[in-house]
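Protein chains: 2
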Amino acid sequence: MTQAAYRLLLISNSALYGGGYLDHAEAEIRDLLGGRKGVLFVPYALGDWKIYAAKARERFEAMGYTLNSIHESANPQAAIESAEALFIGGGNTFRLLDRLYGFDVLECVRQRVGAGMPYLGASAGSNVACPTIRTTNDMPIVEPPSLKALGLVGFQINPHFLDPDPNSRHMGETREERIIQFLEENEMPVVGLREGAMLRVEQGRIQLKGSSGARIFRRGHDPVEVKPVADLSDYVS
Amino acid sequence: MTQAAYRLLLISNSALYGGGYLDHAEAEIRDLLGGRKGVLFVPYALGDWKIYAAKARERFEAMGYTLNSIHESANPQAAIESAEALFIGGGNTFRLLDRLYGFDVLECVRQRVGAGMPYLGASAGSNVACPTIRTTNDMPIVEPPSLKALGLVGFQINPHFLDPDPNSRHMGETREERIIQFLEENEMPVVGLREGAMLRVEQGRIQLKGSSGARIFRRGHDPVEVKPVADLSDYVS
Chain H
142 MTQAAYRLLL ISNSALYGGG YLDHAEAEIR DLLGGRKGVL FVPYALGDWK
192 IYAAKARERF EAMGYTLNSI HESANPQAAI ESAEALFIGG GNTFRLLDRL
242 YGFDVLECVR QRVGAGMPYL GASAGSNVAC PTIRTTNDMP IVEPPSLKAL
292 GLVGFQINPH FLDPDPNSRH MGETREERII QFLEENEMPV VGLREGAMLR
342 VEQGRIQLKG SSGARIFRRG HDPVEVKPVA DLSDYVS
Chain Y
142 MTQAAYRLLL ISNSALYGGG YLDHAEAEIR DLLGGRKGVL FVPYALGDWK
192 IYAAKARERF EAMGYTLNSI HESANPQAAI ESAEALFIGG GNTFRLLDRL
242 YGFDVLECVR QRVGAGMPYL GASAGSNVAC PTIRTTNDMP IVEPPSLKAL
292 GLVGFQINPH FLDPDPNSRH MGETREERII QFLEENEMPV VGLREGAMLR
342 VEQGRIQLKG SSGARIFRRG HDPVEVKPVA DLSDYVS
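Protein chains in written order, with this note's numbering: chain H, 142 to 378; chain Y, 142 to 378.
Below, the structure written as structure tokens:
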């Protein structure tokens, strides 16, 4: 379902335990961006856009790229139109999607990605690349006009995917139980991306990269474990 | 904000680690129900209503009460009109609220509770007693028409409230971080109810009971720890 022109890097999490911001994804980010000089950053998932953009700018400048934040532009749509590449950062997925609707930029992002603009998403930024945000882990602190999202891929991602802790005495649902509840209500397959894992989408192929792997959930099938590097095209599209 | 006629028991979780279904809440349930003979059960938060109702029926019959499940009635509104008491069970809060809208029973529940019908909520059933479900922990597996809920109390509950695990290497937000994000977007206070804790609302008073206590979050204030038994009226209404 993902289109041949799409160039996406969808990462589970912005930082790994013990590592710095985006460190574990740096090589893949460089490869995604290729010869491009800069990225447009979307800080909408956090409350303080200025602080968030400063953190992202410092990290991308350290890699040799420029970074503009969409909140610094008077015209967010125009900023997307002229962007070389897009980076949507993590935070609260409901807030992020609500602001994407509020600034009316969803269709604009879809069109640019359809024309080959590289898209980098981390956590909430990976959630909104999916058909809906129905597999986010986040608290619904705001109510977006719809849970429909960008639909750049034809499956759902559950970022920060977490295996059950055998020592836990907590009685809330495990992540796997939550995803199985999702499949009771939806047919869309779900890729549970563990922290450290990421998906690279290019030329219609969906590759699992990074560390720690993914668990794939499909209605009517047992969950499947996949280790990187692997092509996920047998499971999702 | 809660009304004098309201009689509510809002519990964080249906079962404590090592204990049976509703065991830790039995004494409070008996006290809430008083001389009433039976309850009407709402199984909408889980996918299989029949199995869920059978489990709840067995438990209430063991306590000497009858239990009818709303899904067994051709007219859900009429079932609520004639109920002696209501028990809304846990599961997925989005699914529960979606079905409450689908069967158009929210206003009916509000009116009966306003007329003194006892209301027992567990986990998702406690979430929907609040003004909105914006402090649920659940995955948004379906999209209800609105996140507005029953509004039987003037604050939000976060059930299964969980303290941070100092040994965790997981990089997702802690529960407290998620609730602080909620307060960035909303003014409504939040009672984080640990597993084992419950709220008893009666004659306009809000009492914290059970074990393990609560953590109260209000915009512009540091979080407050409260141990049972305590009156929460200084913090929420």
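No residue lacks a Cβ here, since even glycine has one placed at the ideal position from N, Cα and C.
In this text the structure is predicted, and so the values were computed from the model without any measurement.
H:T143 and H:G333 look like a contact to me (Cβ under 8 angstroms); what is the Cβ gap, rounded to whole Å?
Residue mapping note: residue 143 of chain H aligns to position 2 of the first sequence, counting from 1. Residue mapping note: residue 333 of chain H aligns to position 192 of the first sequence, counting from 1. 18 angstroms between Cβ atoms; not a contact.
Going by DSSP, name the residue or residues bridged to Y:F358.
The count along the second sequence starts at 1 and reaches residue 358 of chain Y at position 217. According to DSSP, Y:F358 bridges with Y:V331.
In its own chain, which residues sit with a C-beta less than 8 angstroms from the C-beta of Y:I282, not counting the 5 before and 5 after it?
The residue given as residue 282 of chain Y occupies position 141 in the second sequence. Result list for Y:I282: N233, F235 and R236, in chain order.
Which chain Y residues sit within Cβ distance under 8 angstroms of H:R275?
Here residue 275 of chain H refers to the residue found at position 134 when the first sequence is read from its first residue. Here the neighbours are M280, P281, I282, V283 and E284.
Hey, could you find the ends of the beta strand (DSSP E) Y:E213 is sitting in?
Taking the second sequence and counting its residues from 1, one reaches residue 213 of chain Y at position 72. Looking at the DSSP string, Y:E213 is not in any beta strand (DSSP E), and its letter there is neither H nor E.
Could you spell out the range, first to last residue, of the beta strand (DSSP E) harbouring H:K350?
Sequence index remark: in the first sequence, residue 350 of chain H carries index 209 (1-based). Counting along the chain, the beta strand (DSSP E) containing H:K350 begins and ends at R346 to G351.
Mind listing the chain H neighbours of Y:E222? Cutoff is C-beta to C-beta under 7 angstroms, in chain order.
Counting from 1 along the second sequence, the entry for residue 222 of chain Y is found at position 81. Per Cβ cutoff of 7 angstroms: no residues; Y:E222 is ~29 angstroms from chain H at best.
Under a three-way DSSP split, which group does H:E366 fall into?
The sequence position of residue 366 of chain H within the first sequence is 225, counting from 1. DSSP places H:E366 in strand when its eight states are reduced to three.
Would you say Y:P330 and Y:R356 are within 7 angstroms of each other, going by their C-beta atoms?
Against the second sequence, residue 330 of chain Y aligns to sequence position 189. Against the second sequence, residue 356 of chain Y aligns to sequence position 215. For Y:P330 and Y:R356, no; Cβs fall outside 7 angstroms.
Where do the ends of the alpha helix (DSSP H) carrying H:N308 lie?
In the first sequence, the residue the question calls residue 308 of chain H occupies position 167. Taken as a continuous stretch (DSSP letters only), H:N308 belongs to no alpha helix (DSSP H), as it is neither H nor E.
At a cut-off of 6 angstroms, would you count H:M258 as near the ligand NAP, judging by its Cβ distance to the nearest heavy atom?
The ligand NAP is absent from the structure shown, which contains no ligand whatsoever.
So, are the CB atoms of Y:I274 and Y:A263 less than 7 angstroms apart?
Position 133 of the second sequence, counting from 1, holds the residue named residue 274 of chain Y. Position 122 of the second sequence, counting from 1, holds the residue named residue 263 of chain Y. In this structure, Y:A263 does not lie closer than 7 angstroms to Y:I274 by Cβ.
Quick check: what's the CA-CA separation for H:G243 versus H:E284?
Taking the first residue of the first sequence as 1, we reach residue 243 of chain H at position 102. Taking the first residue of the first sequence as 1, we reach residue 284 of chain H at position 143. The alpha-carbon atoms of H:G243 and H:E284 are separated by roughly 12 angstroms.
To which residues of the same chain is Y:R177 closer than 6 angstroms at the C-beta, ignoring the five residues directly before and after it?
Looking up residue 177 of chain Y in the second sequence gives position 36. The residues are E225 and A226.
Out of curiosity, what's the CA-to-CA distance linking Y:A203 and Y:S374?
To locate residue 203 of chain Y, count along the second sequence from 1; it is residue 62. To locate residue 374 of chain Y, count along the second sequence from 1; it is residue 233. Near 34 angstroms, if we compare the C-alpha coordinates of Y:S374 and Y:A203.
Note down, in chain order, every chain H residue with its Cβ under 9 angstroms from the Cβ of Y:Q322.
Locating residue 322 of chain Y in the second sequence gives position 181, where the first residue counts as 1. Per Cβ cutoff of 9 angstroms: L187, G188, G232, N233, R236, D279, M280 and I282.
According to the Cβ coordinates, are H:E250 and H:I211 closer than 7 angstroms?
In the first sequence, residue 250 of chain H corresponds to position 109, counting from 1. In the first sequence, residue 211 of chain H corresponds to position 70, counting from 1. In the sequence as presented, Glu is not what sits at residue 250 of chain H; that position holds Val. In this structure, H:I211 does not lie closer than 7 angstroms to H:V250 by Cβ.
Along the beta strand (DSSP E) that carries Y:E343, what are the first and last residues, could you check?
For the purposes of this step, residue 343 of chain Y is taken as the residue at position 202 of the second sequence. Residues A338 to E343.
So, H:P369 versus H:L349, is the Cβ gap smaller than 7 angstroms?
Numbered from its first residue, the first sequence carries residue 369 of chain H at position 228. Numbered from its first residue, the first sequence carries residue 349 of chain H at position 208. Yes, these two residues count as a Cβ contact at 7 angstroms.
If we define contact as Cβ-Cβ less than 7 angstroms, is Y:H362 a contact residue for chain H?
Start at 1 with the first residue of the second sequence, and residue 362 of chain Y comes out as number 221. False, the Cβ-Cβ gap to chain H never drops below 7 angstroms.
Tell me, please, whether the CB atom of Y:A270 is closer than 7 angstroms to any CB atom in chain H?
By one-based count along the second sequence, residue 270 of chain Y stands at place 129. By this cut-off, Y:A270 is not an interface position.
Looking at the unbroken alpha helix (DSSP H) that takes in H:Y401, where does it start and where does it end?
Nothing can be reported for residue 401 of chain H: it is not among the residues displayed for chain H, which extend from 142 to 378.
For the stretch 157-180 of chain H, list every residue whose C-beta sits within 9 angstroms of some C-beta in chain Y, in sequence order.
Per Cβ criterion, the list reads L157, Y158 and G159.
For H:C271 and H:F228, what's the separation of their Cα atoms in angstroms?
Here the question's residue 271 of chain H lines up with position 130 in the first sequence. Here the question's residue 228 of chain H lines up with position 87 in the first sequence. Straight-line Cα distance between these residues: approximately 15 angstroms.
So if I threshold CB-CB distances at 7 angstroms, which residues from the stretch 254-265 of chain Y count as touching chain H?
The residues in question: there are none.
Which same chain residues end up closer than 8 angstroms to Y:W190 when comparing Cβ atoms and leaving out the 5 residues on each side of it in sequence?
Within the second sequence, residue 190 of chain Y is the residue found at index 49, counting from 1. Here the set comprises P184, S210 and H212.
Using a Cβ-Cβ cut-off of 7 angstroms, state whether H:G313 counts as contacting chain Y.
In the first sequence, the residue the question calls residue 313 of chain H occupies position 172. It does: the Cβ of H:G313 has a partner Cβ on chain Y nearer than 7 angstroms.
Give me whichever residues DSSP pairs with H:L227 in a beta bridge.
Working through the first sequence from its first residue, we reach residue 227 of chain H at position 86. Paired residues: H:L181 and H:Y260.
Using the Cβ count rule (16 or more neighbours within 10 Å means buried), how would you classify Y:H165?
Locating residue 165 of chain Y in the second sequence gives position 24, counting from the first residue. Y:H165 should be labelled buried.
Does H:A146 come out as helix, strand or coil in the three-state DSSP assignment?
Your numbering for residue 146 of chain H matches position 5 in the first sequence. H:A146 falls in the coil class under three-state DSSP.
Would you mind telling me which residues of chain Y sit closer than 9 angstroms to H:L303, beta carbon to beta carbon, in chain order?
Start at 1 with the first residue of the first sequence, and residue 303 of chain H comes out as number 162. In chain order: H311 and G313.
Pull out every residue of the stretch 324-348 of chain Y whose Cβ sits closer than 8 angstroms to any Cβ of chain H, in chain order.
Correct list: E325, E326, N327 and E336.
With distances taken from CA atoms, which of Y:N308, Y:M339, Y:N216 and Y:R171 is nearest Y:G351?
Counted from its first residue, the second sequence places residue 351 of chain Y at position 210. Of the candidates Y:N308, Y:M339, Y:N216 and Y:R171, the one whose C-alpha sits nearest the C-alpha of Y:G351 is Y:M339.
Taking C-beta pairs closer than 8 angstroms, name the residues in chain H that Y:L288 reaches, listed in chain order.
Position 147 of the second sequence, counting from 1, holds the residue named residue 288 of chain Y. Residues of chain H passing the Cβ test: P281 and E284.
Once you ignore the five residues that flank Y:R240 on each side, which residues in its own chain have a CB closer than 6 angstroms to its CB?
As a position in the second sequence, residue 240 of chain Y is number 99, starting the count at 1. Only Y185 meet the Cβ criterion.
Taking the alpha carbon of Y:I298 as the point to measure from, which residue in Y:P305, Y:G255, Y:E314 and Y:I347 has its own alpha carbon closest?
Stepping through the second sequence from its first residue, residue 298 of chain Y is reached at position 157. It is Y:I347 whose Cα lies nearest to the Cα of Y:I298.
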